[in-house]
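Written out below as structure tokens is the structure these notes cover.
There are 2 protein chains.
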Amino acid sequence: MLAQHDFQKNGLLGSLSEDELSRILPHLEKVTLPLGESLSESGRVMNHVYFPLDSIVSLLCVMEDGASTEIAVVGHEGVVGVSLFMGGETTPSRAIVQSAGEAYRLKGHLLKREFYRAGAMQRLLLRYTQALLTQMAQTAVCNRHHSVDQQLCRWLLLSLDRIPGNELNMTQELIANMLGVRREGVTESAGKLQKAGLIDYRRGRITVVDRRGLEERVCECYEVVKQEYDRLLEHDAVM
Amino acid sequence: MLAQHDFQKNGLLGSLSEDELSRILPHLEKVTLPLGESLSESGRVMNHVYFPLDSIVSLLCVMEDGASTEIAVVGHEGVVGVSLFMGGETTPSRAIVQSAGEAYRLKGHLLKREFYRAGAMQRLLLRYTQALLTQMAQTAVCNRHHSVDQQLCRWLLLSLDRIPGNELNMTQELIANMLGVRREGVTESAGKLQKAGLIDYRRGRITVVDRRGLEERVCECYEVVKQEYDRLLEHDAVM
DNA sequence: CAAACTCTGTACGCTACCGAACAGATAGCT
DNA sequence: AGCTATCTGTTCGGTAGCGTACAGAGTTTG
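Structure below.
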């Protein structure tokens, strides 16, 4: 049945061979991730890893005073919970659902078992982890050198790449938390984009009307990350 | 002979079992890394991986306009070149020798061969990579939320942890490049630390005279990273 | 020993972003 | 419908860090 095959919507799952897939398929469990749900808390062991389909998960670094910054975003191209197979079991960061949607989840020990077979799954996950590494690095530079305007563009495009359609359900408050800036800063930047006719903002719902326009305005960070993801995760390259 | 055993100065090499070690030992080549040398350029495949002994290597993200930011630092606890075994072969970042010193290097394909034996070496390298991930994430937050003063403290402590003694050979210009700020900003911050009696700065040579003082002044980012490194890389934990 | 170079200190105006406070707008609820 | 929550827009003073410019101090070179 076709419905059984929607795991293909996740890039990693979709890249596995029949053989590899058949071992984990029976254990894949489809779940709906509501906005704001926490999939992973700082220092806590995760029971499952999550393969998003149309949901988006943000990896956040939260500080003692509550201030936070998004360090990476995970969508249908990836998986939440790399620390399980990397061997550390936990991370000091949090994983929060930024855009509600569906995902497949898998018990952590099953993923680890599969990982340690040292087959295609391992290669795939490692390449994905490297892509994640790049995203984090580029986020660090972007935080240092680029304006809120540019970062907002980057964030919108990264999100847009991970959902179907061109609508995002996000309040400015939430975006501000992700970017680690003030809510007013987002209001201002979003206002500029609105005036320029690139987006349409209405109370928690952003519609991107001119994607090309955003791409012209965004800093190079978006493209660097995108190209690296494409390079590392194109299906042929998996092996 | 004792001189043969200084590979133990590198935490990763030192954690390997006799058995694991014996396979790569004949291929380890000791090299001296001069200040400023580039070990890895954006998008270029590295021929070797480097295990620093008393040298420090900075991983930098360089942008089109030449602006840069250090995203992580590697010393005797780690290895330069994780992209080789992660499967991507290259990264968009650069690796520059920040503090001259010695390192062992190993041909990339030999490390990969060892990695794919899926033994202790693999587990060790993956845990190290996770530590690196944490460092990058924390750098991203720090760039967003903390003052140059605090970041300078963090940077000094991270460097100090990776060299013998309490002297760093660094011009303010270089530090500024690492932190991704203006040279004048470093002058100012370093001046404050000098006045507070924490460091002694003289033309490209910093002597840390009050390490405790720095630790009191640094932001939480330093401690978060340090603890995660300790947790992931303590020898017992390796297996 | 003087010249050339490099590194450090200081000053000044400028801009982006912060913090706080508040007013208007929109959506959901009863 | 009206009430209330919440979300968005705007303002205003404060500040950290930027860009630029330049002066002094230390180090190397001829």
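If you read the protein sequences in the order shown, they are chains A and B. To get our numbering, take the position in the first sequence, counting from 1, and add 20. To get our numbering, take the position in the second sequence, counting from 1, and add 20. Even for Gly, the Cβ is constructed at its ideal location relative to N, Cα and C.
In chain order, what residues of the same chain lie with their CB nearer than 8 angstroms to the CB of residue i, ignoring the 5 residues before and after it?
i	result
A:M21	Low per-residue confidence applies at A:M21: pLDDT is 44, beneath 50, and the placement is therefore not dependable enough to give any value.
A:G56	I116, V117
B:S37	A140
Excluding the five sequence neighbours on either side, which residues of its own chain have a C-beta within less than 7 angstroms of the C-beta of residue i, listed in chain order?
i	result
B:M156	I91, A92
A:R202	A196
B:G139	E40
A:S209	V168, D169, L172
A:R150	According to the sequence as given, residue 150 of chain A is Gln; it is not Arg. Excluding positions up to five away in sequence, the list reads L252.
B:L234	C173, L176, L177, L218, V228
A:V245	T154, Q155, Q158
For residue i, which option in the options has the closest C-alpha, if you only look at C-alpha atoms?
i	options	result
A:C239	A:Q28, A:T191, A:Q214, A:L176	A:L176
B:V229	B:C241, B:A210, B:R64, B:N186	B:N186
B:Q118	B:E248, B:F105, B:V245, B:L59	B:L59
B:M226	B:S75, B:Y242, B:M198, B:Q192	The amino acid occupying residue 226 of chain B in the given sequence is Ile; Met does not appear at that position. Nearest option by C-alpha distance: B:Q192.
B:H96	B:R114, B:E84, B:T89, B:V77	B:V77
A:V65	A:V82, A:A87, A:P112	A:P112
B:L53	B:R137, B:R114, B:L36, B:Y124	B:Y124
A:G107	B:Y221, B:E236, B:L153, B:A160	B:L153
B:R232	B:D85, B:D181, B:V245	B:D181
B:S75	B:C162, B:T159, B:E122	B:E122
B:L146	B:H25, B:L32, B:D26	B:L32
B:C241	A:L188, A:E109, A:M83, A:E236	A:M83
A:R222	A:M190, A:G86, A:E248	A:M190
A:N30	A:D85, A:P184, A:R43, A:M198	A:P184
B:Q247	B:Q158, B:G86, B:K212	B:Q158
A:D220	A:G200, A:E204, A:L199, A:L188	A:L188
A:M199	B:A160, B:D26, B:T207, B:G224	Looking at the sequence shown, residue 199 of chain A is not Met but Leu. Of the listed residues, the one whose Cα sits closest to A:L199 is B:A160.
A:H25	A:G63, A:L126, A:L73	A:L73
A:A120	A:G205, A:S179, A:R43	A:S179
B:R43	B:E204, B:C162, B:L126	B:L126
Tell me where the beta strand (DSSP E) around residue i begins and ends.
i	result
B:Y221	219-221
B:T52	49-53
B:L59	58-60
B:S119	114-119
A:C81	76-82
A:I226	226-228
Quick one: is the Cβ of residue i within less than 7 angstroms of any heavy atom of the ligand FMN?
i	result
B:E204	Inclusion of the ligand FMN in the displayed structure is not the case, the ligand content being empty and no account of it being possible.
Can you list, in chain order, the residues of its chain with a C-beta nearer than 6 angstroms to that of residue i? Leave out the 5 residues immediately preceding and following it.
i	result
A:Q28	G34
B:H166	C239
B:C81	T89, I91, S113
B:Q142	F135
B:R237	C173
A:T207	Q192
Starting from residue i, follow the alpha helix (DSSP H) in both directions and report where the run begins and ends.
i	result
B:F71	That residue, B:F71, is in no alpha helix (DSSP H); its beta strand (DSSP E) goes 68-72.
B:Q158	140-165
B:T89	That residue, B:T89, is in no alpha helix (DSSP H); its beta strand (DSSP E) goes 88-94.
A:I44	38-44
B:S179	168-180
B:V206	203-215
A:V238	Note, A:V238: premise wrong, no alpha helix (DSSP H); not H, not E.
A:V102	102-106
B:F135	128-135
A:I195	192-199
Residues of chain A with CB under 9 angstroms from residue i, in chain order?
i	result
B:V99	In chain order: nothing, as chain A lies at least about 14 angstroms away.
B:A87	V161, R164, H165
Show which residues of chain B have a CB atom less than 8 angstroms away from the CB atom of residue i.
i	result
A:V206	Under the 8 angstroms cutoff, chain B gives no residues; its nearest Cβ is about 14 angstroms from A:V206.
A:R147	M106, G107, G108
A:R202	Correct list: empty, because the minimum Cβ distance to chain B is about 12 angstroms.
A:A138	Y136, A138
A:L252	G107, G108
A:C81	A157, Q158, A160, V161
A:I91	M156, A157, A160, V161
Cβ closer than 8 angstroms: which chain A residues qualify as neighbours of residue i?
i	result
B:V244	P112
Can you name the residues of chain B whose CB is closer than 7 angstroms to the CB of residue i?
i	result
A:Q150	S103, M106, G107, G108
A:N163	A160, N163, R164
A:E84	E240
A:R64	Per Cβ cutoff of 7 angstroms: no residues; A:R64 is ~14 angstroms from chain B at best.
A:T154	T111, P112
For residue i, return the contacting residues in chain A, with the cut-off set at a CB-CB distance below 7 angstroms.
i	result
B:E248	P112
B:R182	Here the premise fails: no neighbours, minimum Cβ distance about 19 angstroms.
Quick one: which chain B residues come within Cβ less than 9 angstroms of residue i?
i	result
A:T191	Going along chain B, no residue has its Cβ under 9 angstroms from A:T191, so there is no contact; the nearest lies around 20 angstroms.
Open item on the list: Does the region 212-224 of chain A come into contact with the region 245-252 of chain A, if we say contact requires no fewer than three beta-carbon pairs (one atom in each stretch) closer than 8 angstroms?
Closed with: no
Open item on the list: So, does the region 37-49 of chain B touch the region 112-130 of chain B, judging by three or more C-beta pairs under 8 angstroms?
Closed with: yes
Task: Meets three-Cβ-pair contact criterion under 8 angstroms: the region 93-102 of chain A and the region 65-79 of chain A - done: yes
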